[in-house]
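S.K.: Residue numbers (this note's numbering), protein chains in the order written: chain A, 106 to 217; chain B, -17 to 97.
Virtual Cβ for every residue (Gly too), placed ideally from N, Cα, C.
Attaching a single structure in structure tokens format; questions to follow.
Below, the structure is given as structure tokens:
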């Protein structure tokens, strides 16, 4: 079963707009990570936020974490056509080291 | 490019056959994890190898097995293939961080089709 669930499943925006994706999870975590996957290819790590952090930035990416609500969001600002991909949250949940548990992903399409 | 290489990139097998997938980890990484990604789904953890021993396993049957070699490369073996084994198999390398799982570096995957 999937630990994290992304919302929405699919998102279509115009170039230059911001894209927000949400992730909910079920159990306590050590950290939460976001990955990107271009169609049928490997995953690329975007950002990691630890359970004691509330917000983190990396370039055009902003991630928030609310452990009381067991949720996270990924904001991509000033989106580009090249941002078109699937985005996954992955949790390293407490007591189950060694593995990441991925959600089912959000498919983002950025229209030129 | 992550430096993690997988082979083969694509393969087709028939039900009941056996398959071996290979992975070379990124330089300096001592841990290899394998994930199965069905179409339209997120990756699911199969198992992890650290210093040539299995170091964690997901909810997969024993016909999924693996090896890690002294150079930290790894193999995933699947016996008695079933149609539902059709998926993208992803290898990820990392540097062991004790109780926390840090950033994973993924290869491009091996796409297995079982007919």
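Which of the three DSSP states is assigned to residue 148 of chain A in this structure?
M.R.: strand
S.K.: Is residue 16 of chain B near residue -15 of chain B, with beta carbons less than 8 Å apart?
M.R.: no
S.K.: I'd like to know whether the C-beta of residue 141 of chain A is nearer than 8 Å to at least one C-beta of chain B.
M.R.: no
S.K.: Using a Cβ-Cβ cutoff of less than 7 Å, which residues in the same chain neighbour residue 95 of chain B once the five nearest sequence positions on both sides are dropped?
M.R.: Counting only Cβ-Cβ distances below 7 Å, and skipping sequence neighbours, we find -6 and 68.
S.K.: Would you grab the beta carbon distance between residue 92 of chain B and residue -9 of chain B for me? Rounded to a whole angstrom, and I think it's under 8 Å.
M.R.: 6 Å
S.K.: Short of 7 Å Cβ to Cβ, which residues in the stretch 16 to 43 of chain B face chain A?
M.R.: 23, 24, 25, 27, 30, 37, 38 and 40
S.K.: Which whole runs of the beta strand (DSSP E) in the stretch 174 to 211 of chain A are 3 residues long or more, in chain order?
M.R.: 176 to 181 and 190 to 198
S.K.: Report yes if the C-beta distance between residue 190 of chain A and residue 213 of chain A is below 8 Å; otherwise report no.
M.R.: yes
S.K.: Just checking: is the beta-carbon of residue 99 of chain B within a distance shorter than 8 Å of some beta-carbon in chain A?
M.R.: For residue 99 of chain B there is no data in the structure shown, the boundaries of chain B being -17 and 97.
S.K.: Give the secondary structure of residue 171 of chain A by DSSP, where H, G and I count as helix, E and B as strand, and everything else as coil.
M.R.: strand
S.K.: For residue 71 of chain B, I'd like the list of residues in its chain whose CB is within less than 7 Å of its CB, leaving aside the five on either flank, ordered along the chain.
M.R.: Excluding residues up to 5 positions away in sequence, 3, 16, 18, 58, 91, 92 and 94 lie with their Cβ nearer than 7 Å to the Cβ of residue 71 of chain B in the same chain.
S.K.: DSSP on residue 65 of chain B, reduced to helix/strand/coil?
M.R.: helix
S.K.: Closest to residue 50 of chain B by CA distance: which of B:39, B:31 and B:66 is it?
M.R.: Of B:39, B:31 and B:66, the residue nearest in Cα terms is B:31.
S.K.: Quick test of the definition: if touching needs 3 or more C-beta pairs under 8 Å, does the stretch 141 to 150 of chain A touch the stretch 159 to 168 of chain A?
M.R.: no
S.K.: Would you check if the distance between the CB atom of residue 136 of chain A and the CB atom of residue 197 of chain A is smaller than 8 Å?
M.R.: Yes; because the gap between Cβ atoms is below 8 Å, this pair is in contact.
S.K.: Please list the terminal residues of the continuous beta strand (DSSP E) segment that includes residue 115 of chain A.
M.R.: That run of the beta strand (DSSP E) goes 115 to 119.
S.K.: Leaving out the 5 sequence neighbours to the left and right, which residues in its chain are closer than 6 Å to residue 174 of chain A when beta-carbon positions are compared?
M.R.: none
S.K.: Could you name the residues of chain B that residue 116 of chain A contacts, counting a contact when the two beta carbons are closer than 9 Å?
M.R.: The contacting residues do not exist; residue 116 of chain A stays about 16 Å from chain B at best.
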